[in-house]
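Colleague:
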Amino acid sequence: MLKDISCGALRSQDIGKSVTLAGWVHRRRDHGNLIFIDLRDRGGLVQVVFNPELAEKAHEIAQYLRNEWVVQVLGEVSARPEGTVNEDMLSGAVEVYASELTVLNQSLTPPFYVNEDTTVDENVRLKYRYVDLRREVMKNAMIIRHKVVKYIRDFLDSEGFLEIETPILIKSTPEGARDHIVPSRLYPGNFYALPQSPQQLKQLLMVAGFEKYFQIARCFRDEDS
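Note that numbering that gives the first Met the number 0 gives residue 197 to position 198 of the sequence shown, counting from 1, and the numbers run on in steps of one.
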């Protein structure tokens with residue numbers, strides 16, 4: 000098992016438990032005898048401590064960790080010492096003392112740092128989208144979108160609506176903008192169009208008796224930007 004709990008889900012009630020975590024190295028701090036990392040996954044951050052007196056091999060490996068390396072950590076959840084609780088982290092009351100450390104994947108120097116709140120050129124963000132999506136602001140935007148769409152679905156479902164997905168490849172029909180054209184592989188010289196709206200397909204559903212219908216529709220319009 001890669002992990003059995005999310006980094007951001009650890010709380011005071013987990014103190015004393017053995018856990019398996021996996022994620023990205025968000026930040027590393029070497030205090031000489033002790034090495035600390037903030038381990039990040041989708042659920043948040045947790046501080047991991049490498050003590051050579053408790054796990055010499057894990058401490059040795061931790062000396063080489065860098066930002067955005069992917070690692071797996073086995074360890075025990077402990078309460079943070081008095082005065083070191085991090086109120087800015089959901090898991091800030093605890094830390095994990097590592098007993099084992101496995102490097103799952105190393106990372107080259109990233110084009111920009113996920114743990115820094117800096118302005119990054121949009122073209123760079125788009126080129127390295129997989130890195131951009133790791134940033135807190137982007138992750139939160141995805142979560143909010145998910146929650147909004149789920150709320151809409153749950154509400155409409157409670158009102159008796161059916162979610163029906165209409166076709167994406169259709170016949171070209173006059174609309175307010177140009178169509179995105181998709182050539183047919185089986186019928187050379189013929190083309191499909193991506194729908195600018197599901198209007199006609201929705202009307203077919205109404206005629207068929209699906210009077211309470213909804214979908215989160217993808218609409219494709221070839222417009223000048």
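By construction, the Cβ of each residue, glycine as well, lies at the ideal position given by its N, Cα and C atoms.
Can you name the start and end residues of the beta strand (DSSP E) that Gln46 belongs to?
Modeller: Within the sequence shown, numbered from 1, the residue matching residue 46 stands at position 47. Looking at the DSSP string, the run of the beta strand (DSSP E) that includes Gln46 is 43-49.
Colleague: Go to Glu55, then tell me how far its alpha helix (DSSP H) extends in each direction, as first and last residue.
Modeller: Along the sequence shown, one-based indexing puts residue 55 at 56. From DSSP, the alpha helix (DSSP H) with Glu55 extends over 55-61.
Colleague: Do you know how far the Cα of Leu168 is from the Cα of Asn114?
Modeller: Mapped onto the sequence shown, residue 114 falls at position 115. Mapped onto the sequence shown, residue 168 falls at position 169. In a straight line, the C-alpha of Asn114 is about 41 Å away from that of Leu168.
Colleague: For the alpha helix (DSSP H) that contains Asp178, what are its first and last residues?
Modeller: For the purposes of this step, residue 178 is identified with residue 179 of the sequence shown, where counting begins at 1. Looking at the DSSP string, Asp178 is not in any alpha helix (DSSP H), and its letter there is neither H nor E.
Colleague: Counting along the chain, where does the beta strand (DSSP E) carrying Glu75 start and finish?
Modeller: Here residue 75 is taken as the residue at index 76 of the sequence shown, counted from 1. Looking at the DSSP string, the run of the beta strand (DSSP E) that includes Glu75 is 69-78.
Colleague: Under three-state DSSP, which class holds Tyr129?
Modeller: Your numbering for residue 129 matches position 130 in the sequence shown. Looking at Tyr129 - three-state DSSP - the assignment turns out to be helix.
Colleague: Please confirm if the stretch 66-83 is in contact with the stretch 96-107, defined as three or more CB-CB distances below 8 Å between the two stretches.
Modeller: As far as the Cβ criterion goes, the stretch 66-83 touches the stretch 96-107, which means the pair count is three or higher.
Colleague: With contact counted as at least three CB pairs below 8 Å, one residue from each stretch, are the stretch 162-178 and the stretch 198-206 in contact?
Modeller: Output reads yes: the stretch 198-206 touches the stretch 162-178.
Colleague: Between His58 and Asp178, what straight-line distance do the alpha-carbon atoms span, to the nearest angstrom?
Modeller: Indexing the sequence shown from 1 puts residue 58 at position 59. Indexing the sequence shown from 1 puts residue 178 at position 179. Cα to Cα, His58 sits roughly 59 Å from Asp178.
Colleague: Identify whether His30 lies in helix, strand or coil by the three-state DSSP scheme.
Modeller: Position 31 of the sequence shown, counted from the first residue, corresponds to residue 30. Three-state DSSP puts His30 in coil, outside helix and strand.
Colleague: Using DSSP's beta-bridge definition, name the partner residues of Leu240.
Modeller: What the structure shows of the chain is the stretch from 0 to 224, and residue 240 is not part of that stretch, so it cannot be assessed.
Colleague: Where does Ile215 sit, in a helix, a strand or coil, going by DSSP?
Modeller: Residue mapping note: residue 215 aligns to position 216 of the sequence shown, counting from 1. If DSSP states are grouped into helix, strand and coil, Ile215 belongs with coil.
Colleague: Quick one: what's Leu20 bridged to in DSSP?
Modeller: Reading the sequence shown from its first residue, position 21 is the one you call residue 20. Val72, per the DSSP bridge assignment.
Colleague: DSSP three-state label for Val84, please.
Modeller: On the sequence shown, residue 84 is found 85 positions in, with the first residue counted as 1. In the structure shown, Val84 sits in coil (DSSP, three-state: anything other than H, G, I, E or B).
Colleague: Using alpha carbons as the reference points, say which of Ala192, Gln46, Met141, Val148 lies closest to Ala8.
Modeller: By 1-based counting over the sequence shown, the position of residue 8 is 9. If we check each option's Cα against that of Ala8, Gln46 comes out closest.
Colleague: Please state if the CB of Ser90 and the CB of Gly43 are separated by a distance shorter than 8 Å.
Modeller: The residue labelled residue 43 in the question sits at position 44 within the sequence shown. The residue labelled residue 90 in the question sits at position 91 within the sequence shown. Going by C-beta atoms, Gly43 is nearer than 8 Å to Ser90.
Colleague: So, Phe288 versus Glu162, is the Cβ gap smaller than 8 Å?
Modeller: The structure shown does not extend to residue 288, since the chain spans only 0 to 224, so no value can be given for it.
Colleague: Buried or exposed: which applies to Arg184, given that a residue is buried once 16 or more other Cβ atoms fall within 10 Å of its Cβ?
Modeller: Position 185 of the sequence shown, counted from the first residue, corresponds to residue 184. Exposed, since its Cβ has fewer than 16 Cβ neighbours within 10 Å.
Colleague: Which partner residues of Asn104 appear in the DSSP bridge assignment?
Modeller: On the sequence shown, position 105 is the one that residue 104 refers to. Partner(s): Val69.
Colleague: Run through the DSSP bridge pairs and tell me what Phe35 is partnered with.
Modeller: Sequence index remark: in the sequence shown, residue 35 carries index 36 (1-based). Paired residues: Arg28, Val48.
Colleague: In three-state DSSP terms, what is Leu155?
Modeller: Within the sequence shown, numbered from 1, the residue matching residue 155 stands at position 156. Residue state, collapsed to three classes: helix.
Colleague: Please report the distance separating the alpha-carbon of Ser157 from that of Tyr129.
Modeller: Taking the sequence shown and counting its residues from 1, the one referred to as residue 157 is at position 158. Taking the sequence shown and counting its residues from 1, the one referred to as residue 129 is at position 130. Going by the C-alpha atoms only, they are around 36 Å apart.
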